[in-house]
Amino acid sequence: MSSDGMVKKQRLVLLDLMRIVFALLIYARHSITMFGCSYGASVNYRIRYLTHPIMTGFFLLSGFAMFYSYSGKSLDNVSQMKQFWIKRLITIIPSYYLIHFLWLIFNRGQFKEWLIMSPMELTGTQSAYSSFFGILHNGGTWFVSCILFCYFLYPLIHTIISKCSAKKLIVLGAILLLADYYSEYLVSRYHLNTNYSNPWFRILEFSIGAIVCALMLKMPEKNALKCAMCGAVCVAVAAVVIYGLMHYSFGTTILRLSIPGVSVILMLSRSIKWKGNKVISILSGMSYHFFLVQLILWDVSSKVLDVFGGSGNKVKIAVSLVCCTVISFLMYMCFDKPIKKIAMKALMKNNTETAPASNS
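264 is the number of the first residue of the sequence shown in our numbering; add one for each residue after it.
Pasting the structure below:
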């Protein structure tokens, strides 16, 4: 029991492990396309096509983790919404702003564009403009903008999902999944721009993740495990049909199955009783920074290689991975955590001061 009398939630270490794996795979993708690294032709091919499914998994995971954190809580009045939004901003904004300013140090020639676009960047609205994807650092920070949109709508998402029965959740989840498949069909049929950085479809994935968590929590643990195992069999059969019989490409197959596949894995999270350790907790906590740091990583890694020498493939992978890990760790432990601690303390103090006095 916690000090306030509420039952403390089980830590879902599988979520930590998924964050770490997703971060490493995105690093591997960027090391191939931005730093000229190689893991072998076959592995490079698969890593390239995993990018879209990984980001889908990231938003599913984010929605799942958010609902798990706030399950049993209400977010349906202005005060609760305000507190939720402030806490979320404290969590995501400081490191994002730091990268926004550090990016300019390595790209001083784009100061004019950086200055013009900063109001948009600082408000996190860049993902609403799909054509900005290749300008400034938006090719790497679009996901921050999308997650901010998800956080803005989360109180509504949470309230709706919390009031749904298991049957209604299944229907709602199926509708959202079909909407995602339909959107991909339209993109393919009419050769439209990809939905990769579109905040609407990322909100959809985030919502599906929250629905999966709500369903898991409504079931006894054994039933959730059985559902996950049945789901795994269905996904495996679908993979055989799509890839083996219909002869779709590896990338298309993984993309089509990314939402049900990741959902199955998330459903298993409560059945894993291992609590993990401090190292896993820290690596999971700095996974967000691991994404962000890659916006300056390749410049830093190049300078390190210039100083110490070496240009082989293995050296480039080792240097860039170590640099990414060290910078992410420092950003997380020495910048982000102190700011969060100060901001949360100020928030708690403000809440105490503005709370109505007791009659006793």
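No residue lacks a Cβ here, since even glycine has one placed at the ideal position from N, Cα and C.
- In the DSSP assignment, Gly548 falls within the unbroken alpha helix (DSSP H) covering 541 to 548.
- Ranked by how close their Cα comes to the Cα of Tyr308, the residues Gly573, Lys536, Gly514 have Gly514 in first place.
- Taking Gly372 as reference, the option from Phe571, Trp348, Leu440, Leu399 with the minimal CA-CA separation is Leu399.
- Rounded to whole angstroms, Phe369 and Phe298 show a C-alpha spacing of 16 Å.
- Rounded to the nearest angstrom, the Cβ distance from Gly326 to Gly472 is 3 Å, consistent with a contact under 8 Å.
- Contact between the region 344 to 353 and the region 491 to 510 is not established, with fewer than three Cβ pairs separated by less than 8 Å.
- Trp537: not part of any alpha helix (DSSP H); DSSP gives it neither H nor E.
- Using a 10 angstroms sphere on the CB of Phe374, the tally of other CB atoms stays under 16, which defines it as exposed.
- Between the region 304 to 322 and the region 558 to 568, the count of Cβ pairs shorter than 8 Å is below three; the stretches do not touch.
- In this structure, the beta-carbon distance from Val500 to Gly524 does not fall below 8 Å.
- Beta-carbon to beta-carbon, Trp377 and Leu365 are separated by about 12 Å, too far to satisfy the 8 Å threshold.
- Leaving aside the five residues that flank Met549 on each side, the residues in its chain whose CB is nearer than 7 Å to its CB run, in chain order, Ser591, Phe592, Tyr595.
- In this structure, the beta-carbon distance from Leu560 to Cys586 falls below 8 Å.
- Two segments are said to touch when three or more pairs of C-beta atoms, one from each, lie closer than 8 Å; by this definition the region 528 to 540 touches the region 482 to 489.
- Between Ile353 and Ala606, the gap from beta carbon to beta carbon is short of 8 Å.
- Each residue's CA atom was taken as its position, placing Val434 and Met318 some 24 Å apart.
- Arg282 sits buried, since 16 or more C-beta atoms from the chains shown fall within 10 Å of its C-beta.
- For Asp279, the enclosing alpha helix (DSSP H) starts and ends at 276 to 298.
- Rounded to the nearest whole angstrom, the CA to CA distance from Pro316 to Leu480 is 25 Å.
- Secondary structure of Ser305 (DSSP, three-state): helix.
- Where Lys336 is concerned, there is no enclosing alpha helix (DSSP H), because DSSP gives it neither an H nor an E.
- For Val475 and Gly436, the gap between their C-alpha atoms comes out near 8 Å.
- In this structure, the beta-carbon distance from Ser408 to Thr388 falls below 8 Å.
- Secondary structure at Ser574: coil, using DSSP grouped into helix, strand and coil.
- Measuring C-alpha to C-alpha distances from Glu468 to each of Pro357, Ile356, Met329 identifies Met329 as the nearest.
- The C-beta separation of Phe322 from Arg465 comes to about 5 Å, placing the pair in contact by the 8 Å criterion.
- The beta carbon of Leu508 lies closer than 6 Å to none in the same chain, with the five residues before and after it left out.
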